[in-house]
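Start counting the sequence shown at 88; every next residue gets the next number (the numbering used here). Every residue, glycine too, gets a C-beta built ideally from N, C-alpha and C.
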Amino acid sequence: MNSTILKFGLGLTLAFVQAGAGWANEATCRGMGKQVIDTDLQFSVTHSQIPGELAVSTHKLRVAGTQYKLESTSQAKGLLALLYSGQLTQKSEGLLDSQTGLTPLYYAEQRGKKPVAESMLNAETQRIQFKRNGESAPYEKGLQDRLSMVYQIAARLRCNSNLKAGDTLPLRVMSTGRLSNEVFTLQKTEDISLNLGKGERRVSTLVLETTPETSDDEIVRIWYAKDLNWQPVKIQIQDNEGKTLTQTLISTGKS
């Protein structure tokens with residue numbers, strides 16, 4: 088993937104010029120690339136309609152010069168492991184811009200033994216190619232993906248966490264089939280309890296939540312902990328029926 092990233096990077100300057108004001112000032116700050124750090128986090132995965140722990144999800148972020156690699160792997164447990172073989176894996180790779188932070192050029196999802204669904208920048212056409220449905224969309228400066236957006240916001244908070252309830256962080260995000268708007272709004276501050284293997288620990292968090300574009304869209308909520316260098320400590324996805332899938336931090340070290 089490294090050679091591909093370098094090839095893509097050659098076309099970024101043109102893409103940035105063409106992109107205009109696609110990256111809102113509220114979502115960035117100067118020198119944000121320095122706030123993207125190597126990360127190893129493990130989360131317990133639960134569902135509002137199913138008792139017990141369903142899976143353990145591992146997030147690994149690595150920075151090497153002007154490039155980064157980010158991967159999330161969720162391994163099913165118990166009954167779910169019998170029903171769904173394999174893992175759910177998300178990968179995000181790209182460049183690390185010194186000013187604006189993460190610049191994804193490649194995003195992929197794989198569920199169990201199903202084929203990999205990929206989205207990537209075509210440097211020649213300056214378009215995002217969605218391999219799953221064969222469609223494409225113009226590349227936009229500041230574009231994130233479904234995984235990188237979590238850690239782009241963490242970098243944003245490390246750079247400047249002076250936010251108030253109601254403040255928004257708008258992002259353009261690529262999935263494996265389309266581009267969408269994700270507008271994160273700071274809802275509140277909240278103290279929550281975590282068990283990181285050494286007993287209960289209370290941490291102070293900022294809670295951000297997306298506003299769905301349509302009635303069918305999911306709501307994403309993320310809790311970022313001030314006491315843990317603004318790492319995400321809870322990630323929740325709520326469907327249009329109100330059911331939630333929640334990842335809760337259980338470890339901050341390598342698995």
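DSSP-derived helix/strand/coil call for residue i
i, result
"G96", "Low local confidence applies: a pLDDT of 41 at G96 is under 50, so the model's placement there is unreliable, with the coordinate-based value given in what follows. Helix."
"S235", "helix"
"A252", "coil"
"Q186", "coil"
"L208", "strand"
"R289", "strand"
"R259", "strand"
"K121", "helix"
"L148", "strand"
"R265", "coil"
"L281", "strand"
"L230", "coil"
"R198", "strand"
"R56", "There is simply no residue 56 to check, as the chain begins at 88 and stops at 342 in what is shown."
Nearest-angstrom Cα separation, counted from residue j out to residue i
i, j, result
"T263", "Y226", "14 angstroms"
"N316", "R245", "7 angstroms"
"E211", "S267", "23 angstroms"
"S206", "L192", "8 angstroms"
"S248", "W310", "13 angstroms"
"E277", "K321", "12 angstroms"
"R117", "Q186", "5 angstroms"
"L157", "D254", "27 angstroms"
"D303", "I279", "29 angstroms"
"E222", "Q216", "6 angstroms"
"I240", "L256", "8 angstroms"
"Y155", "P202", "24 angstroms"
Own chain, CB closer than 6 angstroms to residue i, minus 5 neighbours either side, in chain order
i, result
"R288", "L281"
"S131", "E140, T335 and I337"
"L332", "H134 and I324"
"R219", "A204, T263 and G264"
"A242", "M119, Q122, V123 and G188"
"R198", "L175"
8 angstroms Cβ cutoff met for residue i and residue j
i, j, result
"S291", "K313", "yes"
"L295", "R259", "no"
"T176", "L182", "no"
"R308", "Q323", "yes"
"A224", "R214", "yes"
"V123", "Y238", "yes"
"D184", "L148", "no"
"T160", "S144", "yes"
"G284", "D127", "no"
"L293", "L250", "yes"
"Q162", "A142", "yes"
"E305", "D326", "yes"
Chain-order list of residues whose beta-carbon lies under 8 angstroms from that of residue i (same chain, five-residue window excluded)
i, result
"Q136", "K330"
"M236", "L258, V260 and E269"
"K164", "E140, L141, A142 and V143"
Cutoff 7 angstroms; reference residue i; Cβ partners in own chain excluding five residues on either side
i, result
"A46", "Absent from the structure is residue 46, since the part of the chain shown begins at 88 and ends at 342."
"T298", "V270 and T272"
"T153", "L182 and L183"
Item to check | Whole beta strand (DSSP E) elements within the stretch 302 to 327, 3-residue minimum | outcome: The DSSP assignment places complete beta strand (DSSP E) segments of no fewer than 3 residues inside the stretch 302 to 327 at 306 to 312 and 318 to 325, in order along the chain.
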